[in-house]
Amino acid sequence: MTMKPNVTIYTKGYCPHCKATKALLSKKGVSFTNHDITNDPVRAKEMMARAKGRHTVPQIFIGDFHVGGNSDLRALNSKGALDAMLRNAKAR
């Protein structure tokens, strides 16, 4: 069954960490909104505002919670906390 939490990620097309993030979420059956900021300075500014100045990608949000980057997402997954966060996130 596909989970439908409100997940947003900001990525760049050539980024291996972004690809790993999308692969992990897809493997879990999680749908997400992907904003590719490669050539989109408006979305990049939006990301930096939401991520409190962070400019690296990916930047991952579950609901209004800022997860951080791929290593942060993987750490949550390793601890077993990611699935609970995804279940508790507001669906769209």
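Quick note: the sequence shown, position 57, residue 39 per this note's numbering, numbers continuous. Every residue, glycine too, gets a C-beta built ideally from N, C-alpha and C. From a predicted model like this one, the values you see are computed outputs, not experimental measurements.
* Does DSSP put Met(-17) in a helix, in a strand, or in coil? -> Low local confidence applies: a pLDDT of 44 at Met(-17) is under 50, so the model's placement there is unreliable, and no value is given.
* Asked: Does the separation of the CB atoms of Val39 and Gly51 fall below 9 angstroms?
  -> Yes, the pair counts as a contact, with Cβ atoms nearer than the cut-off.
* Asked: Can you tell which of Pro(-2), Glu28, Tyr(-8), Thr3 has the C-alpha that lies nearest to the C-alpha of Asn59?
  -> When only C-alpha atoms are compared, the closest one is Thr3.
* Please state whether DSSP places Val39 in a helix, a strand or coil. => The three-state reading of DSSP puts Val39 in coil, since its state is none of H, G, I, E or B.
* Asked: So, Tyr(-8) versus His17, is the Cβ gap smaller than 9 angstroms?
  -> Yes.
* Going by the beta-carbon positions, is the gap between Arg25 and Phe43 smaller than 9 angstroms? -> In this structure, Phe43 does not lie closer than 9 angstroms to Arg25 by Cβ.
* To do: Mark Ala71 as exposed unless 16 or more other C-beta atoms lie within 10 angstroms of its C-beta, in which case mark it buried.
  => By the neighbour-count rule (16 or more Cβ atoms within 10 Å), Ala71 is buried.
* Local conformation of Asn59 per DSSP, three classes -> Reduced to three states, the DSSP call for Asn59 is helix.
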